[in-house]
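S.K.: Input: one structure, supplied below.
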Amino acid sequence: MVKNLIRRRSELLVREIDLNLENNSDEKIEKILVCITAQSNSVRLIDRAAKVADENNGELHILHVLRGNNVFNNSETLALLQRLFMYGGGKGGMIHAFCNDDVCKSISDFVLEENITKVVLGEPPSENVKKSKKHTESFFDKIVKSLPKSAQIIIVEKEDKH
Numbered sequence: 055m056v057k058n059l060i061r062r063r064s065e066l067l068v069r070e071i072d073l074n075l076e077n078n079s080d081e082k083i084e085k086i087l088v089c090i091t092a093q094s095n096s097v098r099l100i101d102r103a104a105k106v107a108d109e110n111n112g113e114l115h116i117l118h119v120l121r122g123n124n125v126f127n128n129s130e131t132l133a134l135l136q137r138l139f140m141y142g143g144g145k146g147g148m149i150h151a152f153c154n155d156d157v158c159k160s161i162s163d164f165v166l167e168e169n170i171t172k173v174v175l176g177e178p179p180s181e182n183v184k185k186s187k188k189h190t191e192s193f194f195d196k197i198v199k200s201l202p203k204s205a206q207i208i209i210v211e212k213e214d215k216h
């Protein structure tokens, strides 16, 4: 009889867990992506994305895409990226690094594949905001345009240097 009660209680607990999992599966998990470059100001971007992830009880993803096929082209760049990845990992971020000639497509594909809900980008340098005489898009504009409409874009302004 005690065995039957224990078995029955176990069955009820399993059903309760199943119901909780079903209820939680309807909730959309916030996934926050921060796109970084091999620059020290990427720490600011990681901090902002980590804050957004914390505020939304979401996952933090940190992405670096290097144009081309060799991530080890410069020892200084590699050392800085390692520090940034360690820093981001310490903030609870999942680290992703890709090499691809089409950086915009790589970012966009990642956002789609991982169901990213928010993308944190750094404000472009002022010289990148200006269009050339041919009115071509800046690299920043190309990235923003390539992102799925479902992803909210958060632009982190540059720090004032007063």
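Sequential numbering from 55 applies to the sequence shown in the numbering used here. All C-beta atoms, glycine included, are put in the ideal place defined by N, C-alpha and C.
State the DSSP-derived secondary structure class of Glu177, mapped to helix, strand or coil.
M.R.: Looking at Glu177 - three-state DSSP - the assignment turns out to be coil, as it is neither helix nor strand.
S.K.: Pick out whichever of Asn110, Leu114, Ser94, Glu211 has its Cα sitting closest to the Cα of Ser180.
M.R.: It is Glu211 whose Cα lies nearest to the Cα of Ser180.
S.K.: Taking C-beta to C-beta, are Leu87 and Leu134 nearer than 8 Å?
M.R.: Contact: no.
S.K.: Going by beta-carbon coordinates alone, are Glu113 and Lys85 separated by less than 8 Å?
M.R.: For Glu113 and Lys85, yes; Cβs fall inside 8 Å.
S.K.: Which of the three DSSP states is assigned to Ala231 in this structure?
M.R.: Here the chain has residues from 55 to 216 only, and residue 231 is not among them.
S.K.: Between Val173, Ser192, Phe152, Ile161, which has its C-alpha nearest Ala103's C-alpha?
M.R.: Closest option to Ala103, Cα to Cα, is Val173.
S.K.: For the beta strand (DSSP E) that Ile207 lies in, which residues bound it at each end?
M.R.: First-last of the beta strand (DSSP E) with Ile207: 206 to 210.
S.K.: For Cys158, which residues of its own chain have a beta-carbon under 6 Å away from its beta-carbon, when the five flanking residues on both sides are left out?
M.R.: Excluding positions up to five away in sequence, the list reads Lys196, Ile197, Ser200.
S.K.: For Lys199, report the span of its alpha helix (DSSP H) as first-last.
M.R.: Lys199 -> alpha helix (DSSP H) spans 193 to 200.
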